[in-house]
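Student: Shown below is the structure under consideration.
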């Protein structure tokens, strides 16, 4: 996900992983949800226009429209005719706040890792590899 | 739902060879339609019939509800980019825009000029000196700026490098979103179309093998793998598109409106490219028994 | 559509314009000098002074060298121009669009195919006609002193030049306009049918040359039924008499009107070509005696010709026919490229 302002309106840009096996429609939805969770998108922010998305990604406009409609159905965004699609609800406070204990546990783990002598990059790498391995185990 | 392109039993014959046979389609508007098939399958013939550059030998074709090229107003509604994107080599980019302006009452000069400057094309450059990608973009600009309702493109990116290809598709999609166009584009590569198409037509050896909404097609095809099966032992009501057998294993592609389950066989979804390839290889197989849905060769 | 037709025709038009300008300058300089020559030749008033033959000889003696060169060059150009325009302007008009595939661009704009063809051929065809017409006009102007001088030539002899002369007829008056239209239409049709530029050009040139020669030999002489006269041979004006094998005599008559002579024979009273044993007087007598000896033989002169007065009728018929054929070819092309017929 990259931060970027286009003409001052859209806050985020989408990217497409053609090899991930996940359809573009789902990828867009996931990326919006992720942005909302991380607080990159907040209430009132405008999603990139359909035109801008397809001009960058070279995908079918209907795909983007479907994704935005699904997000609207989930109550996360709302389309304003002639203007664009805007965020109506943010997931940041909600979901992240509800996981206070998890956040505290994570903070403790990070301090332990620092005390063990790991630098920031190593901490991130350790977390990433462990996370991926765990996902693989869950699938099989 | 309006129909952008409708054909009924459309056929085209050159001397003794049928380039297109018994083609019946009803393509809804508002989609990006991919017309895919191997070289020589009849894609160019179908598209040329759709824009009125050819006349049918049998059957009929209607685009936007009217006979192709029947009048100036009908011509104005259809934007066409031919194979190899022909342009006048001796005319400059600016000349081509003037050509568009003089020959199209609906010409939008602002759109045309905005595109040309965004593409970085030099208006004084002769079209013959442009690269393949630039010529394709020029041809696309000409087709777009006349503000058509449908864009028909005959293998526009076949001979372009990957970057030019991507830029062309970006432009195409942006315009499609902006002007709410219907698009019919042909290619012999599925990968070109996978990103942008939501409606698919597979054309092989002058006949339509399968056509429909991409999501519906993908949802209604199942790949089954299991121990080696005698073809006769398969359920009679299965529409088997392709089957391959090894000593021990049978792999089938089955089309079905409702989900399929068969004991002892694993059911999987299939990707668009594999689906198209399965239909394309159908043509090379000899005519099969009536149990399998097949179109007998005339 | 007019803009596009002009834009595609621009270079060819410029080339033609340059050639015309150069030709005009050359003809102007030479023509003024020729007119001056005539004015000072003494011919205008020679009848009253009775010295026409001498003055005519003086005049024609000066027509060699530069004048002859200019004449022959312009004549050649004016004859060749329609064929070249047909091949270079008419043939590629549609054939190039087919060859390069640009017809797929041109015929999917918002202009109907018929309008596209009509405007393109209209503009270029009119240009071709204009060029041919101008060349004919310029040559006529340059040549007029010579024609005026020819009026003073005696009716017998070979000095008689008139506008019906096959060499001059095709580059004078309005005939070149008909040729240009026909050559252009021929080129257009060749291009539409053959769809390749070079073969179409070759076919146009060959076809035009054949049509012109065929017309000249077989059609024009009979466009209007020629005048036939059968009159007693005037022995004092015969042009020549030859005695061949077996002392057989053949006579070339001399008294001819100022016209396009199609056939001029000495015939017997029964109408057969005259050929008889030489008279004694013609074998070894004087010219006068020989001539006198022919009288009793009742030789007649059979003359078939188109009189000079028929110049404009012949021009009109010829041009009209060529124009009609050109228009017919145009309709053929229109039908051929219409949606229904395109293969």
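Protein chains in written order, with our numbering: chain A, 137 to 276; chain B, 87 to 384; chain C, 22 to 364.
Here a beta-carbon is modelled for each residue, glycine too, at the ideal position from N, C-alpha and C.
A quick note: this is a predicted structure, and the numbers were derived from the prediction, not measured.
1. In or out: residue 332 of chain B buried (at least 16 other Cβ within 10 Å) or exposed?
2. Is the shortest distance between the beta-carbon of residue 203 of chain A and the beta-carbons of chain B less than 7 Å?
3. Give me the Cα-Cα distance between residue 202 of chain C and residue 149 of chain C, rounded to the nearest whole angstrom.
4. Establish whether the CB of residue 130 of chain C and some CB of chain B are separated by less than 7 Å.
5. Along the beta strand (DSSP E) that carries residue 226 of chain A, what are the first and last residues, could you check?
6. Which residues bound the alpha helix (DSSP H) around residue 81 of chain C?
7. Step through the CB atoms of chain A and report whether any lies within less than 7 Å of the CB of residue 244 of chain B.
8. Nearest-angstrom Cα distance between residue 258 of chain B and residue 154 of chain A?
9. Pull up the CB-CB distance for residue 326 of chain C and residue 278 of chain C, whole angstroms please, since I reckon it's below 8 Å.
10. Could you tell me whether the segment 94-111 of chain C touches the segment 350-369 of chain B, using the rule of 3 or more Cβ pairs below 8 Å?
11. Which residues in the same chain have their Cβ closer than 8 Å to the Cβ of residue 177 of chain B, if we skip the five residues on either side of it in sequence?
12. Buried or exposed: residue 251 of chain C, going by 16 or more other Cβ atoms within 10 Å of its Cβ?
13. Contact between the segment 286-303 of chain C and the segment 330-338 of chain C is defined here as three or more beta-carbon pairs at a separation below 8 Å; is this criterion met?
14. Could one say the Cβ of residue 366 of chain B lies closer than 7 Å to chain A's Cβ atoms, at least one of them?
15. Check whether the Cβ atoms of residue 74 of chain B and residue 133 of chain B lie closer than 7 Å to each other.
16. Please classify residue 48 of chain B as buried or exposed, where buried requires at least 16 neighbouring CB atoms within 10 angstroms.
17. Just checking: is the beta-carbon of residue 133 of chain C within a distance shorter than 7 Å of some beta-carbon in chain B?
18. Give the list of continuous alpha helix (DSSP H) stretches no shorter than 4 residues that lie fully inside the segment 290-342 of chain B.
19. Using the beta-carbon count (16 or more within 10 Å), is residue 167 of chain A buried or exposed?
20. Can you give me the Cβ contacts of residue 99 of chain C inside the same chain, cut-off strictly under 7 Å, excluding the 5 residues immediately before and after it?
21. Could you tell me which whole alpha helix (DSSP H) segments of length 4 or greater appear in the segment 146-218 of chain C?
22. Can you give me the Cβ contacts of residue 343 of chain B inside the same chain, cut-off strictly under 7 Å, excluding the 5 residues immediately before and after it?
23. Quick check on DSSP: helix, strand or coil for residue 285 of chain C?
24. Please list the partners that residue 355 of chain B has in chain E, where partner means a Cβ-to-Cβ separation under 8 Å.
25. Which residues of the segment 266-289 of chain B have a Cβ closer than 8 Å to any Cβ of chain A? Give them in chain order.
26. Just to make sure I have the definition right: I need the residues of chain C whose C-beta is within less than 7 Å of the C-beta of residue 188 of chain B. Which are they?
27. Kindly identify the DSSP beta-bridge partner or partners of residue 109 of chain B.
28. Could you give the residue range of the alpha helix (DSSP H) that holds residue 219 of chain A?
29. Can you say whether residue 196 of chain A is buried or exposed, counting buried as having 16 or more other CB atoms within 10 angstroms of its CB?
30. Quick one: Cα of residue 75 of chain C to Cα of residue 312 of chain C, how far?
31. Quick test of the definition: if touching needs 3 or more C-beta pairs under 8 Å, does the segment 283-290 of chain B touch the segment 109-119 of chain B?
32. Identify which residue in C:247, C:141, C:270, C:189 has its Cα closest to the Cα of residue 284 of chain C.
33. Does the Cβ of residue 26 of chain C have 16 or more other Cβ atoms within 10 Å, making it buried, or fewer, making it exposed?
34. According to DSSP, simplified to helix, strand and coil, what is residue 377 of chain B?
35. What is the C-beta distance between residue 229 of chain B and residue 138 of chain B, in whole angstroms, given that I count them as a contact (C-beta under 8 Å)?
36. Using a Cβ-Cβ distance cut-off of 7 Å, determine whether residue 197 of chain A contacts chain B.
Tutor: In short, the structure shows the following:
1. exposed
2. no
3. 7 Å
4. yes
5. Residue 226 of chain A -> no beta strand (DSSP E), and no H or E assigned at all.
6. 73-82
7. no
8. 19 Å
9. 7 Å
10. no
11. 185, 212, 213
12. exposed
13. no
14. no
15. Examination of residue 74 of chain B is not possible in this model, given that chain B is present from 87 through 384 alone.
16. What is shown of chain B runs 87 to 384, which leaves residue 48 of chain B out entirely.
17. yes
18. 300-305
19. buried
20. 156, 157, 160, 192, 197
21. 187-190, 196-215
22. 306
23. strand
24. No chain E appears in the structure shown, which is made up of the protein chains A, B and C.
25. 281, 282, 283, 284
26. 22, 24, 25
27. B:96
28. No alpha helix (DSSP H) holds residue 219 of chain A; DSSP gives it neither H nor E.
29. buried
30. 27 Å
31. yes
32. C:247
33. buried
34. Caution is warranted here: a pLDDT of 29 is assigned to residue 377 of chain B, below 50, making its placement in the model unreliable, and the coordinate value is therefore given only provisionally. Coil at residue 377 of chain B, not helix or strand.
35. Between residue 138 of chain B and residue 229 of chain B the Cβ distance is about 15 Å, and since that is not below 8 Å, they are no contact.
36. yes
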